[in-house]
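With the working numbering applied, the sequence shown covers 69 to 192. Every residue, glycine too, gets a C-beta built ideally from N, C-alpha and C. Note that the coordinates shown come from a computational prediction; the quantities given were computed from them, not determined experimentally. Below is one structure; the comments refer to it alone.
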Amino acid sequence: MIVKLLLALCLATMPATITNGEITIAGGKMYQPKETKRFYGKPLTRQQQIQQGLIKEPRMVTCRLKRRMKAKNGDEVCIYQGQNRTYEMAIERNCPRQYKCKYNPYGEEPNIYSVIEGINDSLN
């Protein structure tokens, strides 16, 4: 009983490890790092920051052409739709059938007619 009490007292006050029924008491001071930096020397590259979660890249989805209209100056106003009603609008000479756009779920479809009117009014 007294041995168990002394053993419990020793384990509570000193760092120790138990392996295969043997108790090893580690004496001395425990190491505590002075700095909390993750790296020393050169700064991290962009790829390293992405892998460590310091930079979060936007999620990209494939947006496909939904609607296209021509303005008086020859430009086309294109509306693209992606996953979960992700909408993008572009004004170009020729609209590609699909491209990668930033994921923005449950958005509202842009009004293509007001954009056409604005482009046509700017020509006058």
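Since residue i is in the beta strand (DSSP E), which residue starts that stretch and which ends it?
| i | result |
| --- | --- |
| TYR148 | 144 to 149 |
State the Cα-Cα distance for the pair residue i and residue j, rounded to the nearest angstrom.
| i | j | result |
| --- | --- | --- |
| ILE118 | LYS140 | 45 Å |
| LYS170 | ASN192 | 34 Å |
| ILE180 | GLY121 | 38 Å |
| TYR155 | MET137 | 16 Å |
| ASP189 | GLY175 | 27 Å |
| PRO178 | TYR167 | 18 Å |
| GLY150 | ARG132 | 6 Å |
| GLU160 | ILE184 | 12 Å |
| THR113 | LYS102 | 24 Å |
| GLU125 | GLN115 | 11 Å |
| ILE187 | VAL145 | 10 Å |
| PRO164 | SER182 | 22 Å |
| LYS97 | ASN152 | 57 Å |
What do you get for residue i, buried or exposed, if any count of 16 or more other CB atoms within 10 angstroms of its CB means buried?
| i | result |
| --- | --- |
| ILE147 | buried |
Looking at the secondary structure, which residues open and close the alpha helix (DSSP H) in which residue i lies?
| i | result |
| --- | --- |
| ASN188 | 180 to 191 |
4-residue-minimum alpha helix (DSSP H) runs that sit fully inside the stretch 115 to 175, ordered along the chain: none
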